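Colleague: In the UniProt record's numbering, the protein residues as written are 1 to 307.
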Amino acid sequence: MPDERRAFVNALVDQMMQHERNLTRAMCHSIVRLIVRSHPKSFADISRRGEVVGDGCPSLLQQVKTRVEYKTRNNTLARRSREGRRNTGVAGESRLTRGPVLGCVRWCPADLPEGESEATLEDSKRDLRNIYSEEGMGGAERAEPLMERTYVILRRYLNRMPAPAMLEVKGPFLFSQRGLFSHFGNLTDVNILPKLQEALGQRGQTILHFCQKLDNPKIREVLASYDPEASEKAACILLLLMVYFKEPTEKLMLEVDTCATAADVVNTAALPSTPCLTIQGDTMKPSGWMLSIEGQVVMGPHPFLLM
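#1: Sort out for me which residues DSSP pairs T278 with in a bridge.
#2: Is the stretch 140-151 touching the stretch 178-195 in the sense that three or more CB pairs, one from each, lie closer than 8 Å?
#3: Going by DSSP, what residue range makes up the beta strand (DSSP E) through G179?
#4: Mind the definition here: the stretch 209-228 touches the stretch 252-261 only if three or more C-beta pairs lie below 8 Å; say whether that holds.
#5: For V297, which of helix, strand or coil comes out of DSSP?
#6: What is the DSSP secondary structure of R160, reduced to helix, strand or coil?
#7: Can at least three beta-carbon pairs, one atom from the stretch 190-206 and one from the stretch 231-242, be found at a separation below 8 Å?
#8: State buried or exposed for residue 309, treating a residue as buried only when at least 16 other CB atoms are found within 10 Å of its CB.
#9: How big is the Cα-Cα spacing for T66 and R160?
#10: Do you know how far the Cα of N10 is from the Cα of K251?
#11: Using only alpha-carbon positions, find the residue among R49, R5, T278, T24 that is nearest to Q202.
#12: Check H19 in the structure and name its three-state DSSP category.
#13: What did DSSP end up calling residue 390 once you bin it into helix, strand or coil?
#14: Between the C-alpha atoms of C108 and E229, what's the straight-line distance to the nearest angstrom?
#15: Kindly list the residues whose CB is nearer than 8 Å to the CB of R5, restricted to its own chain and excluding five residues on each side of it in sequence; keep chain order.
#16: Tell me the rounded alpha-carbon separation between M290 and R73.
#17: For T274, I'd like the list of residues in its chain whose CB is within less than 7 Å of its CB, leaving aside the five on either flank, ordered along the chain.
#18: When the Cα of C276 is compared with those of Y244, V169, P248, which residue comes out closest?
#19: Can you grab the Cα-Cα spacing for the pair G281 / V266, in whole Å?
#20: Tell me, to the nearest whole angstrom, how far the beta carbon of G295 is from that of L271; I am working on the premise that it is less than 8 Å.
#21: Kindly identify the DSSP beta-bridge partner or partners of H302.
#22: Could you give the DSSP three-state label for C53: helix, strand or coil?
#23: Is it true that the CB of K71 sits closer than 8 Å to the CB of V152?
#24: Between which two residues does the alpha helix (DSSP H) carrying C211 extend?
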């Protein structure tokens with residue numbers, strides 16, 4: 001680490017520890033994210049193509065956390081606090097899992113939304129169930145503000161150990177497209193849909209160009225069935241990646257009849273226990289898609305992979 005950056009990290013951690021001796025990764029990430037957003041040219045992780053890598057924070061965050069760990073290596077209070085968080089459970093309840101995990105910034109939020117209490121959040125949960133019972137998944141747009149509000153109690157439920165089965169998750173709109181995008185945004189502070197669309201447009205084209213240069217019969221077969229004007233680009237990219245890394249396509253993508261319903265798929269298709277995209281019709285030119293988890297369809301059919 002260059003001397004100037006090292007000095008900055010040291011000074012930053014010193015300032016942070018004046019306010020909080022037991023800094024968690026989530027606390028550090030929040031501060032680092034603000035710094036990176038304010039001074040991206042100085043601190044953001046940038047690829048060779050000039051694109052921000054992830055949220056731009058990993059390198060600076062790792063340096064800050066390393067410095068924090070160095071500063072607290074002999075801090076008995078901090079060590080006991082960490083051990084307490086790992087080992088202490090709440091009587092009558094399963095212990096929550098450790099967080100944050102894999103880039104999540106709100107894995108297990110402790111604070112309720114401003115102006116909310118446990119009682120008002122339970123009322124909001126009840127309202128969500130009422131909307132779902134009246135409108136089904138069609139009520140996802142109306143339910144989105146309530147999903148945002150009740151995020152903290154849904155995470156509390158999802159983080160239990162042992163983890164609940166996906167089909168038992170008590171979030172009626174979690175498996176709607178709006179619900180998934182909203183939940184992912186709260187969890188990671190990343191607006192995932194435009195990120196996916198941007199990645200498909202930029203990196204997807206790079207993958208296509210790379211694969212066109214390969215002497216691989218299976219990759220050539222995928223490319224031969226791809227029509228840039230009519231085919232689903234996202235499906236083509238997924239197939240190319242799976243062939244390149246020698247992954248069995250049936251574990252992630254499954255073709256069914258164009259007119260197959262969710263019930264038809266569950267009753268007739270050999271759905272894996274892992275998450276699987278079920279494609280109605282030809283994978284390259286699907287009429288719709290569904291998502292299955294643990295052998296049950298939980299989303300769809302929807303007309304496009306990325307809307």
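Where a beta carbon is used, it is the ideal one built from N, C-alpha and C, also for glycine. Treat the numbers as computed from the prediction; the structure is a model and nothing was measured.
Modeller: According to the data block:
#1: L254, M290
#2: yes
#3: Here G179 belongs to no beta strand (DSSP E); instead the alpha helix (DSSP H) covers 177-188.
#4: no
#5: strand
#6: strand
#7: yes
#8: For the chain, the structure presents residues 1 to 307; residue 309 sits outside this window and is missing.
#9: 29 Å
#10: 47 Å
#11: R49
#12: helix
#13: Residue coverage of the chain in this structure runs from 1 to 307, which leaves residue 390 outside it and unanswerable.
#14: 44 Å
#15: Q63
#16: 49 Å
#17: K251
#18: P248
#19: 16 Å
#20: 5 Å
#21: W289
#22: Before going on, a small fix: residue 53 reads as Val here, not Cys. Correct three-state label for V53: coil.
#23: no
#24: 192-212
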